[in-house]
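A.B. asks:
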Amino acid sequence: VHNALRILPPLHAVAGTLTKLEISHQLLVHMRGLGEMPALRELILNNNAIARIEGLQGCHRLERLWLFSNRISHIENLAPLGDLRELWLQDNGIVTLIGGGLE
Numbered sequence: 503v504h505n506a507l508r509i510l511p512p513l514h515a516v517a518g519t520l521t522k523l524e525i526s527h528q529l530l531v532h533m534r535g536l537g538e539m540p541a542l543r544e545l546i547l548n549n550n551a552i553a554r555i556e557g558l559q560g561c562h563r564l565e566r567l568w569l570f571s572n573r574i575s576h577i578e579n580l581a582p583l584g585d586l587r588e589l590w591l592q593d594n595g596i597v598t599l600i601g602g603g604l605e
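Positions in the sequence shown are counted from 1; adding 502 to them yields the working numbering.
#1: Per DSSP, what kind of secondary structure is Thr598 in: helix, strand or coil?
#2: If you drop the 5 nearest sequence neighbours on each side, which residues of the same chain put their C-beta closer than 8 Å to that of Thr521?
#3: DSSP puts His576 in a beta bridge; with which residues?
#4: Identify the continuous beta strand (DSSP E) that holds Arg566 and give its terminal residues.
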């Protein structure tokens with residue numbers, strides 16, 4: 503559903519139990535607002551307008567991260583994601599890897 507969301511909605515009420523979050527085909531410009539989401543395993547934010555990988559430091563169990571078709575140019579801030587198994591970044595225009603945790 504295309505709702506033209508520009509920012510993530512407040513998620514603190516479900517932050518401790520939510521395992522999958524999909525907000526695709528919107529107008530999200532950043533990933534801030536995820537906060538501490540210890541149970542989150544899948545985050546799907548493809549087809550938005552996100553420019554930076556950020557706000558994932560509280561998502562330690564994240565296994566699947568889909569950020570394809572956004573505006574990301576640098577792979578960064580992935581080091582805290584020790585359980586990450588699947589990362590989709592195609593159609594972004596990636597130009598650099600900045601200590602992204604993929605070394």
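C-beta: ideal position from N, C-alpha, C; glycine also. Please read these numbers as outputs of a predicted model, since none were measured by experiment.
C.D. replies: Concretely, from the data shown:
#1: strand
#2: Ala541, Leu542, Arg543, Glu544
#3: Thr598
#4: 566 to 568
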